[in-house]
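What follows is a set of notes on a single structure, which appears directly below.
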Amino acid sequence: MNKKVLITGATRGIGKEIALNFAKEGYDIAINFRNIESANILEQELLEINKDIEVLKLYGDISKYEDCEKIFKEIKEKWNCLDVLVNNAGVRKDNLVLRMSEEDFRDVIDVNLVGVFFCMKFATKLMLKNKFGRIISISSVVGVSGNKGQINYAASKAGVIAMTKSLAQEIGRKNITVNAISPGFIESDMTETLEEDYKDEMLKEIPLSRFGSTKDIADMAVFLASEKASYITGQNIIIDGGLL
Ligand code: NAP
724 MNKKVLITGA TRGIGKEIAL NFAKEGYDIA INFRNIESAN ILEQELLEIN
774 KDIEVLKLYG DISKYEDCEK IFKEIKEKWN CLDVLVNNAG VRKDNLVLRM
824 SEEDFRDVID VNLVGVFFCM KFATKLMLKN KFGRIISISS VVGVSGNKGQ
874 INYAASKAGV IAMTKSLAQE IGRKNITVNA ISPGFIESDM TETLEEDYKD
924 EMLKEIPLSR FGSTKDIADM AVFLASEKAS YITGQNIIID GGLL
């Protein structure tokens with residue numbers, strides 16, 4: 724029987740690359756999406772990579788409790804288990820503190836932190852039953868270092884690291900590992916819209932002199948889910964070309 728993975732925000736960027744890499748490894752894949760056209764395209768791509776896997780398409784805004792409840796209900800009905808959860812979905816709404824609205828602060832926390840909590844909670848329930856699980860959350864270097872113009876985003880990502888370390892302590896004895904990956908600057912839609920001057924400045928700060936690729940992150944996600952990573956838990960793995 725194939726192992727099963729759920730990836731949130733799977734239809735673009737890092738999430739999509741993670742989904743493609745798990746397909747290569749022979750996992751059945753549940754893709755959480757908000758745009759059905761992109762989900763259909765991804766489904767085709769996954770089945771082209773590996774026709775022997777099952778793909779579940781699960782609509783949902785992860786900042787909403789009811790949506791997460793529905794996503795996991797469907798996984799329970801179809802599979803009755805989940806081996807790997809990848810908390811990938813995330814947003815940024817940057818601004819300097821004096822210009823940041825309450826709404827922009829709360830929106831980012833709701834998706835990046837509260838949404839991850841919902842998914843961790845529902846996934847834990849399914850994983851405890853089978854005494855196996857891997858929970859992998861995409862945080863950010865900014866959650867460790869902070870960053871001007873990102874107090875909402877940095878707070879959410881620091882929270883993900885703290886939740887990871889706490890949950891790892893709660894459920895380690897049930898053979899469930901919980902880890903975070905903190906990317907630096909990765910080329911995706913999220914970084915595409917940043918100003919060129921800012922990107923040039925960032926590049927000068929990166930010892931490896933290049934921005935990261937979505938594959939740099941996906942490779943680590945697949946590794947953390949594998950047997951080779953079975954003694955790694957409660958960690959925040961930074962992948963930033965040396966930036967931090
Ligand atoms: P991206 O290209 O903007 O993709 C974000 C994904 O999250 C999209 O699939 C989006 O779905 C989904 N999403 C957003 N809000 C959602 C919600 N409420 N419910 C469900 N899905 C939602 O970003 P990315 O660069 O791939 O980032 C992926 C993760 O890596 C994020 O957590 C991000 O914070 C983190 N990260 C990225 C970088 C970087 O440099 N790119 C660095 C550090 C950390 P839609 O297509 O429906 O909008």
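Residues 724 to 967 (this note's numbering) make up the sequence shown, in order. All residues carry an ideal CB built from backbone N, CA and C; glycine is no exception. Just so you know, these numbers come straight off a predicted model, no measurement behind them.
For this session: Report the rounded CA-to-CA distance for aspartate 939 versus valine 945, giving the unit in angstroms.
Result: 11 angstroms
For this session: Determine the contact status of glycine 838 and threonine 731, defining contact as a CB-CB distance below 9 angstroms.
Result: yes
Problem set entry | Per-residue DSSP class, three states only, for leucine 729 | strand
Exercise. Secondary structure at alanine 812, three-state DSSP: helix, strand or coil?
Worked result: coil
Problem set entry | Other residues of its chain near valine 807: CB distance less than 6 angstroms, five sequence neighbours each side excluded | Val728, Arg857 and Ala948
For this session: Starting from the C-beta of aspartate 751, find all residues in its chain whose C-beta is less than 8 angstroms away, skip the five residues before and the five after it, and write them out in chain order.
Result: Asn725, Lys726, Lys727, Val728, Ile776, Glu777, Val778, Leu779 and Trp802
Problem set entry | For tyrosine 954, the three-state DSSP class (helix, strand or coil) | coil
For this session: Kindly indicate which residue of Lys799, Ser932 and Ser936 has the alpha-carbon position closest to the one of alanine 846.
Result: Lys799
Exercise. Expressed to the nearest angstrom, what Euclidean distance is found between the alpha-carbon atoms of valine 820 and threonine 937?
Worked result: 30 angstroms
Problem set entry | Host alpha helix (DSSP H) of valine 865 (start-end) | 865-868
Problem set entry | Closest Cα partner of methionine 913 within the set Val809, Pro930 and Val814 | Val814
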